[in-house]
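Chains as they are written, first to last, in my numbering: chain A, 735 to 1295; chain B, 4 to 543.
Structure follows, in structure tokens:
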């Protein structure tokens, strides 16, 4: 592979990097177009604009408009039915300029080769993921998130695989790979294996979740480190955020991953040639594919780059957790049945058939109110924060983003007052039957939800199951109520989120103080809502419309009178 | 039913007149059949003309188009012709055996990028009255040297002399685009068409990538393109010429230069624009005899700027929109870049049956408004028998983009109908666009026999329009594919379960049970019995 082996190309790359290091305030569209044209690509641009539901304070943006530039390398003697994508997000704070330089150098090198069987799209996006989303939606001619963008002029068939590149500095000491995509989707494991192979071949230091790969699996250290990496992956996957531009490709069934060049101030440094060679190798391999990547796993957890836990191994864990809910529900059902029979027997000689239906009817009607009210709380939690942000900013001295987060928390907390306002509808007769029926419904509801979540995003399902299931199983209106209440609050979805944040930073060896943790929690809430509106992440609606109402039911059970 | 050249897999459709072969894709077959019924033939006379046109494309690439025309004044369909001279016997027999009226067969690898390369040079003849017409496309069929060799063997001079010397496989397949074709058609011998002759055109067009081999420079020579030079004309050819397009795209003249200087030039209106060609006649002794070889060179005087190449008046783009494996949408974008003239386009789509089209979702919009087609012909698909056929006549407003989209649902196939496990997906053949595009310059009617071959393939009916047939990209669609290892697992598991259950049940049901006396004694008793038997005493 002769990438950048000749001094001319190397000098050209240096010039590019210099040019890109000059301060720039927007994507240099015209320059990029010219440069891509001069290396012989078909160049197109796409402009897009998006108004976020409320200002994004972490990225400091609200009304976003930008331009994506992409060049298509047409494979000779191919009819543009398939393509590969190399994408580089480019933002105004010039953090990723090295990657743009490398992309252009690779484009120039690739253009001179004759072996391409698939078109290659070199995509430079503005406003990181927003640009990627705009481009992907336009490429597939769909509108999922309501972004406004100009239609694409050039296409190259079905995208088979994509690699996103982020280089934070010109010195790269290790390459980190991110696989977790939107809503916990993962690329085919073969793509990761491909990367791993070229890492080994090129002697590059590759990390997963920022963790070095342990070589020694015989002593305790290796598995422990593997466990740390695995937990980090679980947390990141559970968050449902796209961890890099690749995450958005996965929705369109394009296998994709993000490579991050990281300068961790180690002794051995790699120049961009090494990174370029890895990318070239990956693209040549992908180019030779005779099929979509489908032979390997789509559902896996990674304790290390070279090891994975397959779905067959981890799914039983979630299954057993959910079994608890099922058994508990069965027990309640039997108890309810016995209670019904008991009632009939005390009712006397009017016959079983006469008394049975009213007894059940009482149980069911008493459920309607709590179910409706908790579900309504969920809907309010989903709709009101974003809808009422302007009202909130008018009446309180807060910014929009803060208003949204605080409204979220307020509605969430207001839900806790629910049982006191609903017990008037509860029928006074057979109080035990009432809470049992409610708990039965709540258990089944929770089991169904967790089951569905675990099937699509195992990490999220497992995290929620591990926290919610034990408390949900033991909750009842008798016994040590304050203890149950404390447990329930600690295992509510919001508390799980807070706890996960602490755990995440702890695993990354950057522990949080309480105040920092709270701040991060607020940011995460805002980001979660934003990601739902901008990329279609499902975590926020899932929690607001599904799990929070369900959790409220248990709260309701606990305070049943 | 005639034998159709091609792979085992083929799908055919009856189509309205007006489609024929020119080729964006791998393989395209067109057959016109019918009873032959012409008058008596003159004594057989045949002639061969060969021609090479080199066209620098707007994008900077270079297209080379070979045409070899064999014309034979013979009644092939009627009488048992046994003596063949220039006309290849293999094709002649095909014509007489199956009463072929017309055949166009092309093998193409690559895609003609109209947007950057301009309208395709070689087009289908605008043929008229057919009795019966078949049209088929096989996307994703690889074209290789093994297709080129038999094609070359059809030439009278093979690749020994004349222009065909340049046909060196390793160079021809080192290009961006490669298309070889055979066109057979009857040609009228006189104005009233009382007698016909058979015309065989073998065409080959390639587009050389200026970037890959030119290393950034766009200068070309025959030797650099084909790694051969021309030495002598084919002795059997009555005409053997090389045309080089020296029209300058910019207004100022002389952007490119050819060497050696041409003796004559030829001017005509090709595809609506005025073109100038340098002509080299290989029969002209002055050209060959000076150096015993002719290495045409093409130099750009001014390097062509990076300005956008002139966009052709009509180009198209096609893609599948949507994601997921259930539904999708086929979208075709038709661009009319003419500043003030609208023109109609005939759009023909053949979509395989396993994409179930929802015809009610067919929408055609131009400039944000609905565009009602003046003619629609739709023939629904029949599962496993015939594809959807959708034909529309759409008026493209001036300077507009027209979007034709139709939604589809992906069908579930039978498990044997899936392609083998390593597959790219399912291909959808390109749509065909036929249009009369307004010319920039009015063309004069030409005399067929006298004008160059590349001009006579697409006769201009009236001077203000020219006929263009374009093909869009083929599409790749993924169908929901079951996990084929799953049935295997299920079969294995079921068999095991059945075997175990059945075995034990059968055992239980068929065995007769009886109470057995507990045997007492054991080893001692058996020993005693052995001794007793030896002694001849009955056992215990």
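We put the CB at the ideal spot given by N, CA and C, even for glycine.
- Contact check for residue 858 (chain A) against residue 927 (chain A) fails: the beta carbons are separated by 8 Å or more.
- Secondary structure within the region 1182-1223 of chain A: the alpha helix (DSSP H) runs of 4 or more consecutive residues, fully enclosed, are 1192-1208 (chain order).
- Per the coordinates, the alpha-carbon of residue 1036 (chain A) lies some 9 Å from the alpha-carbon of residue 965 (chain A).
- In this structure, residue 277 (chain B) keeps its C-beta atom at 8 Å or more from the C-beta atom of residue 471 (chain B).
- Residue 1233 (chain A) and residue 431 (chain B) have their C-alpha atoms some 51 Å from each other.
- For residue 303 (chain B), the uninterrupted beta strand (DSSP E) segment begins and ends at 300-303.
- As DSSP reads the structure, residue 429 (chain B) sits in a beta bridge with B:480.
- If only uninterrupted beta strand (DSSP E) runs of at least 3 residues are considered, those enclosed by the region 795-860 of chain A are 795-807, 816-824 and 853-860.
- Contact between residue 956 (chain A) and residue 214 (chain B) fails: their C-beta atoms lie close to 49 Å from each other, not under 8 Å.
- With fewer than 16 other Cβ atoms inside 10 Å of its own Cβ, residue 541 (chain B) counts as exposed.
- In chain order, 1024, 1025 and 1026 make up the part of chain A whose C-beta sits under 9 Å from the C-beta of residue 426 (chain B).
- Residues are counted here when their Cβ sits less than 9 Å from a Cβ of chain A; for the region 330-345 of chain B these are 332, 334 and 336, given in chain order.
- Close to residue 801 (chain A), with beta-carbon spacing below 9 Å, lies no residue of chain B; the smallest spacing is near 18 Å.
- In chain order, 225 place their CB closer than 6 Å to the CB of residue 299 (chain B), counting only its own chain and leaving out the 5 sequence neighbours on each side.
- 8 Å or more divides the Cβ of residue 830 (chain A) from the Cβ of residue 938 (chain A).
- For residue 1072 (chain A), none of the residues of chain B pass the 9 Å Cβ criterion, the least Cβ distance being about 37 Å.
- Rounded to the nearest whole angstrom, the C-alpha separation of residue 1293 (chain A) and residue 893 (chain A) is 54 Å.
- With the criterion set as a beta carbon lying under 8 Å from some beta carbon of chain B, the members of the region 807-829 of chain A are 808, 810, 811, 812, 813, 814, 815 and 816, in sequence order.
- Contacts with chain B at 8 Å (Cβ-Cβ) do not include residue 1018 (chain A).
- With contacts defined by Cβ atoms closer than 8 Å, residue 899 (chain A) and residue 844 (chain A) do not form a contacting pair.
- Of all residues in the region 969-997 of chain A, those with a C-beta nearer than 8 Å to a C-beta of chain B are 985, 986 and 987, reading in chain order.
- Only exposed fits residue 765 (chain A), as fewer than 16 other CB atoms lie within 10 angstroms of its CB.
- Of all residues in the region 767-788 of chain A, only 768, 771, 772, 773, 774 and 776 come within less than 9 Å of chain B when Cβ atoms are compared, listed by chain position.
- With distances taken between CA atoms, residue 1205 (chain A) lies nearest to A:1225 out of A:1225, A:1214, A:1211 and A:1191.
- Put simply, of B:235, B:321 and B:202 the residue whose alpha carbon is nearest the alpha carbon of residue 335 (chain B) is B:321.
- Secondary structure within the region 990-1034 of chain A: the alpha helix (DSSP H) runs of 4 or more consecutive residues, fully enclosed, are 1006-1021 (chain order).
- For the pair residue 977 (chain A) and residue 1031 (chain A), the Cα-to-Cα distance works out to about 20 Å.
- A Cβ-Cβ contact shorter than 8 Å links residue 1038 (chain A) with residue 963 (chain A).
- Residue 179 (chain B) places its beta carbon 8 Å or farther from that of residue 67 (chain B).
- Under the DSSP assignment, residue 330 (chain B) falls in the beta strand (DSSP E) whose first and last residues are 330-339.
- In this structure, the straight-line span from the alpha carbon of residue 323 (chain B) to that of residue 477 (chain B) is close to 10 Å.
- In the DSSP assignment, residue 862 (chain A) falls within the alpha helix (DSSP H) that extends over 862-873.
- Residue pairing of residue 391 (chain B) in beta bridges, as defined by DSSP: B:354.
- Beta-bridge annotation (DSSP): residue 49 (chain B) is paired with B:75.
- At a cut-off of 8 Å between beta-carbon atoms, residue 214 (chain B) makes contact with chain A.
- Residues of chain A whose Cβ lies closer than 8 Å to the Cβ of residue 326 (chain B) are, in chain order, 874, 876, 985, 986 and 987.
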